[in-house]
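Below is one structure, written out as structure tokens; comments come after it.
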Amino acid sequence: ESPQTTHYSVMDKDGGAVSVTTTINLAYGGGGSVDGAGFFLNNEMDDFSAKPGTPNAFGLIGGVANEIEPGKRPLSSMTPTIVQKDGEVVLVTGSPGGSTIITIVMQMVLNVIEFNMNIAEASVAPRVHHQWLPDVLMTEAGVSQDTLDILRARNFILPATPAGGGSPYSSTLGRTNSITHHDGIYYGFSDLRGLEYGVAGY
């Protein structure tokens, strides 16, 4: 079982929408499975701050507010998203990607809603990500050199980029799966950044 998160978006002919993000977290999750059910239990307990100030398995440094305590849920980056306008669903989206999920989904929503990109353009547009610690702005290949220069001039810390652009920390940021709906037509797009993607309609 690979260590990863899965996201899928669904809409039906009546405008019903579902956005689901689920994860096993690390390889084999928590190392246990449910007898006869055929799946592993995740180890999302790693999303708690086991020791505040110490990085978790993904390098995220947590604080006291995210300590393990009875009745609490761990901080999570999962961001399954449904956007409505005038009571109608106009965008269903989400992504895997650990700590990058929030910024990936935000960029997808901005690309569609604010920049009027179609769903394919919004999905393939180059992405950036910053998560406070480490204090580094991650970029994908495709972010223009003039944009990188402006970011450096504004004192963003960008790692030395390899030939072709992006950050050495991440060749890609997330894999959105999205649906838009307007003028009675549904448009689906599955991010091409992953090896496994697909869109289906009926």
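Numbering (the working numbering), first residue to last: 2 to 203. The beta carbon of each residue, even a glycine, is placed where N, CA and C say it ideally should be.
Practice task
Can you tell me which of the three DSSP states residue 77 falls into?
Solution key: As a position in the sequence shown, residue 77 is number 76, starting the count at 1. Residue 77 falls in the coil class under three-state DSSP.
Cα-Cα, which of 193, 124, 200, 27 is closest to residue 111? In the sequence shown, residue 111 corresponds to position 110, counting from 1. The candidate whose alpha carbon is nearest that of residue 111 is 124.
Can you check the segment 100-183 for any beta strand (DSSP E) of at least 3 residues that lies completely inside it and give the ranges in chain order?
178-183
Quick check on residue 2: does DSSP put it in helix, strand or coil? Taking the sequence shown and counting its residues from 1, one reaches residue 2 at position 1. For residue 2, the pLDDT reaches just 49, beneath the cut-off of 50, and the residue's location in the model is therefore unreliable, although a value from the coordinates is still provided. Residue 2 falls in the coil class under three-state DSSP.
Q.
Counting C-beta neighbours from all protein chains within 10 Å, is the total for residue 145 16 or more, i.e. buried, or is it exposed?
A. The residue you call residue 145 lines up with position 144 of the sequence shown. It counts as exposed.
Coarse secondary structure for residue 66, derived from DSSP in three states | Numbered from 1 along the sequence shown, position 65 holds the residue referred to as residue 66. Residue 66 falls in the helix class under three-state DSSP.
query = Would you report the Cα separation of residue 138 and residue 55, rounded to the nearest angstrom?
reply = Counted from its first residue, the sequence shown places residue 138 at position 137. Counted from its first residue, the sequence shown places residue 55 at position 54. In a straight line, the C-alpha of residue 138 is about 21 Å away from that of residue 55.
Next item on the list: Sort out for me which residues DSSP pairs residue 83 with in a bridge.
Entry: Your numbering for residue 83 matches position 82 in the sequence shown. Paired residue(s): 93.
Return yes when the Cβ of residue 75 is within less than 9 Å of the Cβ of residue 48, no when it is not.
For the purposes of this step, residue 48 is taken as residue 47 along the sequence shown, with counting starting at 1. For the purposes of this step, residue 75 is taken as residue 74 along the sequence shown, with counting starting at 1. Yes, they are a contact pair.
When 150, 143, 190 are compared against residue 174, the one with the closest alpha-carbon:
The residue labelled residue 174 in the question sits at position 173 within the sequence shown. Measuring from the Cα of residue 174, the nearest candidate turns out to be 143.
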